[in-house]
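A quick write-up on the structure given underneath.
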Amino acid sequence: MIKKTAADLAALIASGEASAVEVAQAHLDRIAAVDGSVNAFLHVDEDIVLEQARAVDAKRAAGERLGPLAGVPIAHKDVFTTKDMPTTCSSAILDGWRPPYDATVTARLREAGLVILGKTNMDEFAMGSSTENSAYGPTHNPWDLTKIPGGSSGGSSAAVAAYEAPLATGTDTGGSIRQPAAVTGLVGMKPTYGGSSRYGLIAFASSLDTPGPLARTVLDAALLHEAFSGHDPMDSTSIDQPVPPVVEAARRADVEGLRIGVVKEFGGEGYQPGVLARFHEAVELLESLGAKVVEVSCPHFTYALPAYYLIAPSECSSNLARFDAMRYGLRVGDDGARSAEEVMALTRAEGFGPEVKRRIMLGTYALSSGYYDAYYGKAQQVRTLIGRDFDAAYTQVDVLVSPTTPTTAFPIGERADDPMAMYLADLCTIPSNLAGNAAISVPCGLADEDRMPVGLQIMAPVLADDRVYRVGAAVEKALEDRWGGPLLKEAPEL
Amino acid sequence: MSAITRDEVVHLARLSRLALREDELDHLATQLDDIISAVARVQEVAAENIPPTSHALPLTNVLRADQVRPGLTPEQALSGAPAAEEQRFKVPRILDEEA
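Which chain is which? The protein sequence lines are A and B, in order. Count the first sequence with my numbering and you get residues 22 to 515, in order. Count the second sequence with my numbering and you get residues 2 to 100, in order.
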């Protein structure tokens, strides 16, 4: 049961071969069995899970039409507000907080009949690439429990890779869906910015934050993408256009006649040989499937990482000013004598972890007068140039490809106190965030050195989300034929 | 030469409303220096006459009709408050005694 895809589970429930309650219970049992060693979930309430599942079964019994994912369990990243479950962003400053409203993504999961299993661990406020920056302890990679599951959506990736859930939500600001998907052998999609709603998503960097799906197959990711995306009047940056035909594209799964560009700047020094080997094989595979492959240069992509680590912290320093100990969350040091400002500073010092403090300080620096032009202003100009590199590339090709990450999952603790080393994990994923593009990561094999998963990143222009699903599904189909099944069957039993 | 001095780090902590301990300030001074030196690479890019991008997609202002619609009740709005009194957020003093 737990190894089935979301599409298969939905079909079983729709036909009555399995009830939503049975499916939910199987996943709750799996969570009980393995989450002690994985630590993917921060919060699971069995009663609430079974109540949601019973509602789906009742609807079906009453003859109501069910959506394509009705009754399918899902792990929900703890960055989205949920009114019946705590929402913490893995931060001590929000410990135990119960939001009075649902995020739009949450509301749409409920409308689609998805059964929310619980909230998943993450890097605090989505800042990190390893899920080590959590106030509630690190999450472990199901492929090797001593290694990181990626981040910031690492609880979500680990939950799906460990068969605790067939689907999960994530958010991607600099790679936080694609990188965890890559290092756990999953499919992870960052939709076009504005294609999925940010309402009720606790903000990190508002010009970059994008909700998206994690799944074990390209089709499952597309089904979830379609379920929660689309225009939302509650988000002023939401695009008022139809969701691209992602499910149809995932079913089409061909690359016939497509022009594919290999980004010249992503490869070489700093990349793990086993990652590059699997990437080059995937490119050859695309060519053998009928795509025309060319090399393209995006010269400013090498400046994407430094530009991102100015823009994202700047936006975060402003967004996280809301955690002021006055209206919700932690308050410390309020002894009746201290001023509001003193209480605020004490609370923030105690409630935020080291990475969040670093980024707030860095952003405050980049935005301060005297440094603004040299740092934040310059980074915004680089952002323009990266957008132009993409525009030029897309005049020659339909999609761009690269490795998703320079290396496979690294050991927990290895980069924990070396921020610059940690930031390198986002090297290849950041350009799509800065340009608002659609981008997906699909599994493309195991690296020879460590037998850990490698991801292939496929990027397409704004609102061409369907194109990356089409290519991703073609790669998946061809590779699974070669492997005799999904990559995840190579993962050790937990 | 370091990109940022410890005094600047102390100032940033104050601007950021973070009451950091001395050892945190020491550690952050070193790390911020490393990070700022690395991200300063953006200054190598020839960007004369290049407009800045704050958002990848064009933004348009979104307005709605000025009509009353359901919102949170006072109880819901105050449900996460560290302290509340008479349907209000209760906060520590914001003015000095003599003010």
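Positions of the beta carbon are idealized from the N, C-alpha and C atoms, including for glycine.
- Residue-level contact by beta carbon holds for A:L406 and chain B, with a gap shorter than 8 Å.
- A check of alpha carbon separations from A:E132 across A:D439, A:V418, A:S250 and A:D56 identifies A:S250 as the nearest.
- By the beta-carbon neighbour count (other beta carbons within 10 angstroms, threshold 16), B:K91 is exposed.
- Apart from the 5 residues on each side of it in sequence, A:A481 sits with its Cβ closer than 6 Å to the Cβ of V420, A459, R488 and V489 in its chain, given in chain order.
- For B:N62, the number of other beta carbons within 10 angstroms of its own is below 16, and it is reported as exposed.
- Proximity to A:F101 across A:S174, A:K25, A:K24 and A:D412 peaks at A:S174, based on C-alpha coordinates.
- In the displayed model, B:S80 falls within coil according to three-state DSSP, outside both helix and strand.
- DSSP places A:C110 in the coil class of the three-state scheme, outside both helix and strand.
- Contact holds between the stretch 238–256 of chain A and the stretch 207–221 of chain A, because three or more Cβ pairs, one in each stretch, are under 8 Å apart.
- Straight-line measurement puts the Cα of B:R94 at about 55 Å from the Cα of A:M473.
- The C-beta of B:D27 has fewer than 16 other C-beta atoms within 10 Å across all chains shown, which makes the residue exposed.
- Here B:N50 is exposed: its Cβ has fewer than 16 other Cβ atoms, across all protein chains shown, within 10 Å.
- Judged by DSSP secondary structure, A:R409 falls within the alpha helix (DSSP H) whose first and last residues are K399 to Q417.
- In this structure, the beta-carbon distance from A:V268 to A:A243 falls below 8 Å.
- Neighbours of A:P327 in chain B, taken as residues whose beta carbon is under 8 Å from its own, are A39, V40, A41, R42 and V43 in chain order.
- At a cut-off of 8 Å between beta carbons, B:P93 contacts chain A.
- Contact check for B:L16 against A:K378 fails: the beta carbons are separated by 8 Å or more.
- The closest CA to that of A:S112, considering only A:A74, A:A124, A:E153 and A:L135, is found on A:E153.
- Secondary structure note for A:G57: it is in no beta strand (DSSP E), and the uninterrupted alpha helix (DSSP H) holding it is A41 to V59.
- Listed along the chain, the chain B residues whose CB falls inside 8 Å of the CB of A:D355 are P83, A84 and P93.
- Assigned with DSSP and collapsed to three states, A:F249 falls in helix.
- Beta-bridge partners assigned by DSSP to A:I479: A:V422 and A:I461.
- The Cβ neighbour count for B:Q88, taken over all protein chains shown within 10 Å, is under 16; the residue is labelled exposed.
- A:I381 is the residue among A:I114, A:M441 and A:I381 whose C-alpha sits nearest the C-alpha of A:F225.
- Counting along the chain, A:H97 sits inside the beta strand (DSSP E) bounded by residues P94 to K98.
- Residue contact with chain B for A:G350: present (Cβ-Cβ distance below 8 Å to some residue of chain B).
- By the neighbour-count criterion, in which a residue is buried when 16 or more other Cβ atoms sit within 10 angstroms of its Cβ, A:A248 is buried.
- Along the length of the stretch 193–267 of chain A, whole beta strand (DSSP E) runs at least 3 residues long occupy 208–211 and 231–236, reported in chain order.
- Per the C-alpha coordinates, the member of B:V46, B:D24 and B:V10 positioned closest to A:A328 is B:V46.
- Taking C-beta atoms as the reference points, B:D34 and B:A4 count as a pair closer than 8 Å.
- Here A:R343 is not near B:P83, since their CB atoms are 8 Å or more apart.
- Per DSSP, reduced to three states, the secondary structure at A:D356 is coil, with no helix or strand assignment.
- For A:R131, the enclosing alpha helix (DSSP H) stretches over residues T125 to E132.
- Between A:A270 and A:L235, the CB-CB gap reaches or exceeds 8 Å.
- For the stretch 415–446 of chain A, the set of residues with a beta-carbon nearer than 7 Å to any beta-carbon of chain B comprises P440 and M441, in chain order.
- The secondary-structure analysis by DSSP pairs A:T190 across a beta bridge with A:P234.
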